[in-house]
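**Q** Handing you a structure now.
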Amino acid sequence: MKNFNNKVAAITGAGSGIGQQLAVLLAKQGCHLALSDVNEEGLAKTVELLKDANVRVTSKKVNVANLEEMRAWAAEVEKDHGSVNMIFNNAGVALGSTVEGASYDELEWIVGINFWGVVYGTKEFLPLIKKTGEGHIINISSLFGLTAQPTQSGYNATKFAVRGFTESLRQELDMENGGVSALCVHPGGIRTNIANAAKMNDSIRSLGMHPEKSAQNFNKLLRCPPEEAARQILDAVLKNKRRLLIGNDAKAIDLMQRILPAGYQKVTAFATKLGNRSKKSA
């Protein structure tokens with residue numbers, strides 16, 4: 115894909131953060147938009163930001179974890195816009211819990227959104243994108259799709275899954291050589307609402323952590339503006355990259371994993387423990 119002018123992009127999680135900024139930047143480049151989010155208020159704010167854009171914008175409340183809703187939305191996008199060139203599977207949630215303390219309901223919740231939402235978005239839009247002969251599937255993983263962290267087993271599992279799913283897809287699309295490609299994105303700490311919306315349960319107290327303080331501390335690590343993340347993602351699409359690391363934290367984590375593919379776990383566990391002790395003594 116050489117440019118976004120007069121193309122059609124579908125974006126999940128478009129009511130805030132990276133999804134919202136992707137919509138803004140794409141509109142500036144003449145791309146028509148089909149936006150979805152489970153948060154209707156946030157979705158309406160994104161649509162308001164685009165009111166002066168000279169592109170067609172449609173929006174719909176969609177739960178990405180629901181196959182029928184995703185299937186219906188994909189069909190509506192093609193009907194409303196005539197075609198679709200891109201799907202940004204961006205919607206995601208977070209869960210802070212030990213493996214032992216995570217309920218099955220919590221795990222089903224995060225897997226449904228973070229993994230099945232990506233699968234549904236990919237599979238429902240891929241045949242439509244292939245019809246255009248020029249398109250892209252962009253799936254958002256995380257730096258936690260590169261290494262695992264204590265209290266993030268559910269999140270890690272989904273983001274590792276997105277990575278494997280997308281990398282396999284990219285190879286299949288390469289082999290088909292049909293003009294459609296795929297990108298797996300690994301953002302570091304992006305200033306979004308994910309920490310505020312995260313579920314934290316009391317099981318992390320067994321590791322010397324406090325649910326509310328953990329969310330606050332996580333928020334402090336979110337330094338990269340979502341508009342910068344969106345800019346890098348669109349640049350990676352135009353360059354047909356296979357993988358994109360956003361932020362120095364993601365790049366450092368990736369390097370540590372390459373140097374210490376197993377040993378990084380001891381480093382991370384020690385750093386987390388040390389951080390907990392420092393906060394208690396402060």
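Take any residue in the sequence shown, note its place counting from 1, add 114, and you have its number in my numbering. Note that CB positions come from ideal geometry on N, CA and C, so glycine has one too. In this text, all values refer to a predicted model and were calculated from it rather than measured experimentally.
(1) For the putative contact between H195 and A148, defined by C-beta atoms under 8 Å, what is the C-beta separation to the nearest angstrom?
(2) Please state whether DSSP places K116 in a helix, a strand or coil.
(3) Please tell me whether V207 and K313 are closer than 9 Å, where the distance is taken between their beta carbons.
(4) Can you tell me where the alpha helix (DSSP H) holding L140 begins and where it ends?
(5) N120: which of S197, T386 and I254 sits nearest, CA to CA?
(6) Please find out if some non-hydrogen atom of the ligand GTP comes closer than 8 Å to the beta-carbon of T265.
(7) I'd like to know whether the C-beta atoms of L257 and G156 end up nearer to each other than 9 Å.
(8) Across which residues does DSSP place F202 in a beta bridge pair?
(9) Report, in whole angstroms, the separation of the C-beta atoms of L359 and K353, which I expect to be a contact under 8 Å.
(10) Provide the residue span of the alpha helix (DSSP H) that contains K237, from first to last.
(11) Is it buried or exposed for K193, if we count other Cβ within 10 angstroms and need 16 for buried?
(12) Could you check what DSSP says for H324 in three-state terms: helix, strand or coil?
(13) In the DSSP assignment, find the unbroken beta strand (DSSP E) run with L360 in it and report its ends.
(14) Starting from the C-beta of C338, find all residues in its chain whose C-beta is less than 7 Å away, skip the five residues before and the five after it, and write them out in chain order.
(15) Can you give me the Cβ contacts of A383 inside the same chain, cut-off strictly under 7 Å, excluding the 5 residues immediately before and after it?
(16) Among I125, S295 and S267, which one has its Cα closest to the Cα of D151?
(17) Check each candidate in V351, K237, S255 and L283 and name the one with the smallest Cα separation from A271.
(18) Taking the alpha carbon of E154 as the point to measure from, which residue in K237, N177, G249 and R284 has its own alpha carbon closest?
(19) Among W230, E190 and L164, which has the Cα closest to the Cα of A179?
(20) Is it right to say E214 is buried, meaning 16 or more other beta carbons lie within 10 angstroms of its own, or is it exposed?
(21) Who are P301's beta bridge partners in DSSP?
(22) Thinking C-beta only, is V169 closer than 9 Å to A397?
**A** In short, the structure shows the following:
(1) For this step, residue 195 is matched to residue 81 along the sequence shown. For this step, residue 148 is matched to residue 34 along the sequence shown. The Cβ separation is near 6 Å, so the contact holds.
(2) Working through the sequence shown from its first residue, we reach residue 116 at position 2. In this structure, K116 counts as coil in the three-state DSSP scheme.
(3) If you number the sequence shown from 1, residue 207 lands on position 93. If you number the sequence shown from 1, residue 313 lands on position 199. Contact: yes.
(4) Locating residue 140 in the sequence shown gives position 26, counting from the first residue. Unbroken alpha helix (DSSP H) run through L140: G131 to K142.
(5) Within the sequence shown, residue 120 is the residue found at index 6, counting from 1. Considering only alpha carbons, the answer is S197.
(6) Because no ligand of any kind appears in the structure shown, any question about the ligand GTP cannot be addressed here.
(7) Counted from its first residue, the sequence shown places residue 257 at position 143. Counted from its first residue, the sequence shown places residue 156 at position 42. Going by C-beta atoms, L257 is not nearer than 9 Å to G156.
(8) The residue you call residue 202 lines up with position 88 of the sequence shown. Partner(s): I125 and I252.
(9) As a first step, residue 359 is located in the sequence shown; it is residue number 245 there, counting from the start. As a first step, residue 353 is located in the sequence shown; it is residue number 239 there, counting from the start. Not a contact, Cβ separation roughly 14 Å.
(10) By 1-based counting over the sequence shown, the position of residue 237 is 123. Unbroken alpha helix (DSSP H) run through K237: G231 to T246.
(11) Numbered from 1 along the sequence shown, position 79 holds the residue referred to as residue 193. When all chains shown are included, K193 counts as exposed.
(12) As a first step, residue 324 is located in the sequence shown; it is residue number 210 there, counting from the start. Coil, per DSSP.
(13) Locating residue 360 in the sequence shown gives position 246, where the first residue counts as 1. Strictly speaking, residue 360 in this sequence is Ile, with Leu absent from that position. Element bounds for I360: R357 to I360.
(14) Working through the sequence shown from its first residue, we reach residue 338 at position 224. Cβ within range, chain order: G302, G303, I304, R305, I360 and G361.
(15) The sequence position of residue 383 within the sequence shown is 269, counting from 1. Within the same chain, A383 has close Cβ partners P264.
(16) To locate residue 151, count along the sequence shown from 1; it is residue 37. Considering only alpha carbons, the answer is I125.
(17) The sequence position of residue 271 within the sequence shown is 157, counting from 1. Considering only alpha carbons, the answer is S255.
(18) Start at 1 with the first residue of the sequence shown, and residue 154 comes out as number 40. It is N177.
(19) Counted from its first residue, the sequence shown places residue 179 at position 65. Cα-wise, what sits closest to A179 is W230.
(20) The residue you call residue 214 lines up with position 100 of the sequence shown. When all chains shown are included, E214 counts as exposed.
(21) One-based indexing of the sequence shown puts residue 301 at position 187. Beta-bridge pairing links P301 to I360.
(22) Summary: the structure shown does not reach residue 397, with the chain confined to residues 115 through 396, and so no result is reported for it.
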